[in-house]
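Below is one structure, written out as structure tokens, with a few remarks after it.
Residue numbers (the numbering used here): 13 to 145.
Given below as structure tokens:
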């Protein structure tokens, strides 16, 4: 079964609802935590391990390293965005350049991340798999 592009991890009980404020109208959001991943392979299609992931929001030039959570994704799968960074992009979406490097291989790919509905980070555009060279 392939890894889904967006993985939701439960922070509290799955049915628990919490309030989110967005502007003047409060929103009702789930207590789930959105993680967005990408699969990284080499030119032969093998999973690449040991990548450090850095995001750059093209509109604001904000750059940040995306910490990886051990055991959440399988080999060659990396977190590239999450609810931790939803304040870095507009709700409607912003272009973000995602770069990965492990010392010998690297990749760079463009995504659009946003906060659809004002609650959780989402991938609006971008690849599910990238090739590191």
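All C-beta atoms in this analysis are idealised placements derived from N, C-alpha and C, irrespective of residue type, glycine included.
Within the region 76-125, the runs of beta strand (DSSP E) at least 3 residues long that lie entirely inside it are, in chain order, 89-94, 106-113. DSSP places residue 141 inside the beta strand (DSSP E), whose first and last residues are 141-143.
Between residue 133 and residue 48, the C-beta spacing is below 9 Å. Under the criterion of beta carbons closer than 8 Å, residue 92 and residue 67 qualify as touching, at roughly 7 Å. With respect to the 9 Å criterion, residue 136 and residue 88 are not classified as neighbours on the basis of their beta carbons. In the same chain as residue 118, and ignoring 5 residues on each side of it, the C-beta atoms closer than 8 Å to its own belong to 111, 112, 144, 145, in chain order. Between residue 39 and residue 126 the beta-carbon gap is near 14 Å, outside 8 Å, which marks them as no contact.
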